[in-house]
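Number of protein chains: 2
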Amino acid sequence: MRTSIATVSLSGSLTEKLAAASRAGFDGVEIFENDLLASPLTPEDIRARCADLGLSIDLYQPMRDIEAVPPEEFARNLRRARHKFELMGRLGADTVLVCSSVSPLAEDHDALAAAQLRQLADLAQDFGIRVAYEALAWGRHVNTYDHAWRIVEAADHPALGTCLDSFHILARGSDPKGIEDIPGEKIFFLQLADAPLMAMDVLQWSRHYRCFPGQGGLDVTGLVRHVIAAGYQGPLSLEIFNDVFRQAEAGPTAVDAHRSLLVLQEAAGLAALPEPVVPTGAAFVELVTADAEPASALLGALGFARVARHRSKPVDLWQQGEARVLVNTGPAARRDGTSLAAVGLESPDPSGAARRAEALLAPVLPRRLAPEDALLDAVAAPDGTELFFVATQDAAQRPAPPHWRADFVDVPHQDAAPHGVTRIDHLALTQPWHEFDEAVLFHRSVLGLHAQDSVDVADPYGLHRSRAVTNADGSVRIALGVGPAPTEDGARAQHIALATDDVVATARAFRDAGGRLLAVPANYYDDLAARHEFPDGELETYRELGILYDRDAYGEFRHCYTHTVGRVFFELAQRDGGYRGYGAQNAPVRLAAQHAVR
Amino acid sequence: MRTSIATVSLSGSLTEKLAAASRAGFDGVEIFENDLLASPLTPEDIRARCADLGLSIDLYQPMRDIEAVPPEEFARNLRRARHKFELMGRLGADTVLVCSSVSPLAEDHDALAAAQLRQLADLAQDFGIRVAYEALAWGRHVNTYDHAWRIVEAADHPALGTCLDSFHILARGSDPKGIEDIPGEKIFFLQLADAPLMAMDVLQWSRHYRCFPGQGGLDVTGLVRHVIAAGYQGPLSLEIFNDVFRQAEAGPTAVDAHRSLLVLQEAAGLAALPEPVVPTGAAFVELVTADAEPASALLGALGFARVARHRSKPVDLWQQGEARVLVNTGPAARRDGTSLAAVGLESPDPSGAARRAEALLAPVLPRRLAPEDALLDAVAAPDGTELFFVATQDAAQRPAPPHWRADFVDVPHQDAAPHGVTRIDHLALTQPWHEFDEAVLFHRSVLGLHAQDSVDVADPYGLHRSRAVTNADGSVRIALGVGPAPTEDGARAQHIALATDDVVATARAFRDAGGRLLAVPANYYDDLAARHEFPDGELETYRELGILYDRDAYGEFRHCYTHTVGRVFFELAQRDGGYRGYGAQNAPVRLAAQHAVR
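The listed protein sequences derive, respectively, from chains A and B.
Take the first sequence: its position 525, counting from 1, is numbered 525 in this note's numbering, and each next residue is one higher.
Take the second sequence: its position 52, counting from 1, is numbered 1052 in this note's numbering, and each next residue is one higher.
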């Protein structure tokens, strides 16, 4: 179906908004009146600009407080409408949104509303314009879609139809099933928005917290199915008011917006995308750094061995158990420290995974490889982290693609006694503050991962939010997080949690090898003693090593942290009995301890 | 009364929080358990630190999910409590907060709750500790203060009392009158928080939106009156969870917090402060700049004449009608442009105004003056703007203090034909984003100004909020604003609105004198024509000069803007017929036009 977006959903000048919508692949836009008023472009300029960008103008909006008012007020409203219809002619827009009245002058009088809307439609028809009447959830007398439709039906004018908005309908808890009773050709427009489920004033909720479909808690897909069943032929259009989007750059927001409509269409059975290929494991993480020494020392102390080197690039492969870390000192390395640049995900079908990512607007990365290297399928996540899709190691089922590991040449190494790390438990990736919801939707839709509930955590300097995405067996776990507004240098820390079956032994071996463990305050252990009973000596061991403890309904979690190198640190994690979390309850203590050593 | 603050209300490490509370003048603190857990200080260290800082530890909090549970669970809870009582002994805290249970294990069984709380109190008594039981607004079975009190009364134990929290009581709409029926000695503690009135889930409201008394919409003062009438003798303690405070610096937040308690005590009749002395006019504004040329050129084009120069400092006085602007090129001038540094407020009692400001913790500014200069009473507003209190020009009623104007020596000047500016209409001062509510409370309480409703305005890159404070006759108007997170250079624009009886003539004279008026898009005037009818030619004039138009129930407003010099620009404003606003409806267009010329 055709896709469209209201200019109010994006930040910047009207010129910037239109360019962003076009680049992201939208077919059309709704022109929000205030964006036009504030623009130095004339309506004719805007029309030409849209044509150049391949954008249709699907709606002009909104016209307010028109109907069910005393005659002299309605005469003023018609005068105002005539001005706007002339403007729409210059703009080349043929549909106008009329919101149900919130005016104290409006009467609770459906027949009057219908009669006046019929008059408005008569005038509109003279200009070749259609009027789409929409119930605002906080409309004074008309605030449900079926009520708005009854008035449109009673007015019975060919230039008058209704506009449906998923937020207004679902936020009030209306049953969208009844949409199917509206003739499709009378649904002049469909606006889509999601929102997190919040018990708050609906107007405030609408004005500040709307989000793209799939980012909130409303069943937008179900609503769209009903609208399609009714026979609607118009575009799917996003109208999102959100305080965060207002401040974020228009370009990436428009891409995220368009992705949400693609995912929605797939879910509603309106479009086919390449099937998701769920990753089956973390093949490697890649650190980039100008100076490999601090990261190498840390990996060595953790019990990793430098087992191989890339045959054409300055990249070392460190391994312990099934955990692999690449250390790259190539051109991508930043001068200012070590950072996590890429994640290798094991995939049963790497090129299929990349095809889906590309169809969902993920930037496909150039394959910077020597001729003899394995072709790697890679895309960028919203925060810029590179995701490589690599063939599962056990590729017996399918014709083996060239394997990434073959590009690495073994190097002689001391078989350092490993410290018990078995694999990567999870990755914790801090997102830019305005990209958290987008990152969750990206990982769910592009990678086919499941999102757990989000968790709020207070640290000494602000509130952190975190939400984990995982595959079914937990062999891929990524904790996406967002913290206080970035500090001066905008640094976002990332961390890699390594699984061990005996965190005490692994932590001790790390420390004995010269590693520095994050010190945890003694008060934390006094509190643990108050909350749980431990075998003799166990708490003393935790205290000595800085091991934190948590339990849930399924099992137990013990974990500790290394010092930070650049923007990266490691966690050692022991999960027992099916524990499902990430120790979020301990995060305030960990964050405070990290602040203290900075 | 003694004042106290919960450590959770301030940002930073526990050490930073304690220092900030002490410096701001609090008598005591509530130690929030998570702050203690995350601190490297032992309980004994914290006790000593508090003693050094002159802070008592008034409360340890919270203990959760204690009561009305099955016996084996209660045994675990008593074990946990014993640990905490031992800790409190080390800390030197003698009162613990117990919140009503939210546990799914808790039964709806008041007698069981009372019996178990009695057992808890028995144990507490052995440690010399008192238990203060509080109803959370979202407690599973106990969520009103009278219910919590009935259970405490039934338990009938000398070491068990109740804790009252203004948020939990007022957010649920409970009538605080009933507090007077509780014996004062059984009210072990009083926690105070305000909150903006929002229809939302009470737990989310409580966790994220609490604010200091007087900054929200709850009648905290009325509640305190009832608690005092009941005979309560303990401290007034602030417990505020707020996402903004979590990120703001602890020092200024603690000062704002303490100011709110001083104002509250005055309002509740518990303490006397020097009376507010409401300013009667804007005597001058002071711009500081390293280069006086751009500001002087702008003032000249506006029709101001340079009438005098300070006898000992590099400060020029520009005047037109009763509007006065000082241009200071002295040491305070920043290298990076012109900014608004100070406001002179006419006051019937300058030193009285300064005494009140000082009593309300406003920093008193050094009087950097030559020996013969008039003594100026000056304090700093929360955003750093200097406020000078100067004697009203007509000081016939009282022994005239030396007048600030006497420090300026007239300079010969061409009597530039004035352009019709009569006085300063209002000042628009953009606040740092985390100090908006504090600034409003400061201007209300320190200056005795009245705060109007706050207004939200969208600009292309984010949401702005603005709230005006005024004196009774509108001769002092200050529009406090807050905008999107600061840009790279953190610049906050300020502007000075100049009153004129004929904005068209003044704007034209400004333009003819070489001034640059902000250009307003043509689309704005098309919209004005749709909304209102104007006499022939009037809109064309507005369009030519970039004059914006608004009306309210009282009258009309016409205004336009100059270009920006450094961080400052001017507005020309014509108010007719008692218009009360500031043209907020036009702000998006103005802001977009200003973004466009940047």
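Just so you know, even glycine gets a beta-carbon here, dropped at the ideal spot from N, CA and C.
The structure displayed is predicted, hence computed values, not measured ones.
Through-space distance from residue j to residue i, alpha-carbon basis
i                       : j                       : result
residue 1022 of chain B : residue 1263 of chain B : 19 Å
residue 1356 of chain B : residue 1451 of chain B : 18 Å
residue 509 of chain A  : residue 1034 of chain B : 31 Å
residue 1055 of chain B : residue 1234 of chain B : 15 Å
residue 559 of chain A  : residue 592 of chain A  : 16 Å
residue 20 of chain A   : residue 62 of chain A   : 22 Å
residue 1196 of chain B : residue 519 of chain A  : 40 Å
residue 464 of chain A  : residue 477 of chain A  : 19 Å
residue 1392 of chain B : residue 1346 of chain B : 5 Å
residue 1409 of chain B : residue 1338 of chain B : 24 Å
residue 1240 of chain B : residue 87 of chain A   : 51 Å
Where residue i sits in the DSSP three-state scheme
i                       : result
residue 1590 of chain B : helix
residue 424 of chain A  : strand
residue 1557 of chain B : strand
residue 458 of chain A  : strand
residue 1168 of chain B : helix
residue 76 of chain A   : helix
residue 1512 of chain B : helix
residue 52 of chain A   : helix
residue 565 of chain A  : strand
residue 1389 of chain B : strand
residue 1234 of chain B : coil
Cβ-Cβ distance between residue i and residue j below 9 Å
i                       : j                       : result
residue 1266 of chain B : residue 1257 of chain B : no
residue 130 of chain A  : residue 161 of chain A  : yes
residue 1013 of chain B : residue 1038 of chain B : yes
residue 1238 of chain B : residue 1003 of chain B : yes
residue 1321 of chain B : residue 1418 of chain B : yes
residue 1348 of chain B : residue 1277 of chain B : yes
residue 498 of chain A  : residue 440 of chain A  : no
residue 213 of chain A  : residue 192 of chain A  : yes
residue 1530 of chain B : residue 80 of chain A   : yes
residue 288 of chain A  : residue 354 of chain A  : no
residue 95 of chain A   : residue 60 of chain A   : yes
residue 427 of chain A  : residue 282 of chain A  : yes
residue 342 of chain A  : residue 307 of chain A  : no
Nearest neighbour of residue i, chosen from the options [CA to CA]
i                       : options                           : result
residue 1211 of chain B : B:1297, B:1005 and B:1528         : B:1005
residue 1017 of chain B : A:531, A:588, A:461 and A:581     : A:461
residue 248 of chain A  : A:9, A:538 and A:530              : A:9
residue 1097 of chain B : B:1065, B:1073 and B:1071         : B:1065
residue 1436 of chain B : B:1404, B:1408, B:1492 and B:1474 : B:1492
residue 1541 of chain B : B:1570, B:1513, B:1506 and B:1555 : B:1506
residue 1495 of chain B : B:1075, B:1589 and B:1566         : B:1566
residue 1120 of chain B : B:1391, B:1203, B:1182 and B:1077 : B:1077
residue 1590 of chain B : B:1173, B:1570, B:1306 and B:1148 : B:1570
residue 223 of chain A  : A:216, A:329, A:236 and A:166     : A:166
residue 232 of chain A  : A:254, A:203 and A:181            : A:181
residue 1433 of chain B : B:1084, B:1466, B:1260 and B:1386 : B:1466
residue 149 of chain A  : A:243, A:187, A:85 and A:544      : A:187
Check each residue of the region 1023 to 1039 of chain B: if its Cβ is closer than 7 Å to any Cβ of chain A, include it; give the result in chain order.
1034, 1036, 1037, 1038 and 1039
What are the residues in the region 1436 to 1469 of chain B lying within 7 Å of chain A by C-beta distance?
1458, 1460, 1461, 1462 and 1463
When Cβ atoms are compared, which residues of the region 1249 to 1272 of chain B fall closer than 7 Å to chain A?
none
Taking a cut of 9 Å between CB atoms, which residues from the region 109 to 129 of chain A lie near chain B?
none
Output needed in chain order: residues of the region 1515 to 1528 of chain B with a Cβ under 8 Å from some Cβ in chain A.
1519, 1521, 1522, 1523, 1524, 1526 and 1527
Chain B contacts made by the region 69 to 98 of chain A, where a contact means CB separation under 7 Å
80, 83, 84 and 87
Any C-beta of chain B within less than 7 Å: which residues of the region 563 to 592 of chain A qualify?
588, 589 and 592
Residues in the region 283 to 307 of chain A with C-beta within 7 Å of chain B's C-beta atoms, listed in sequence order?
none
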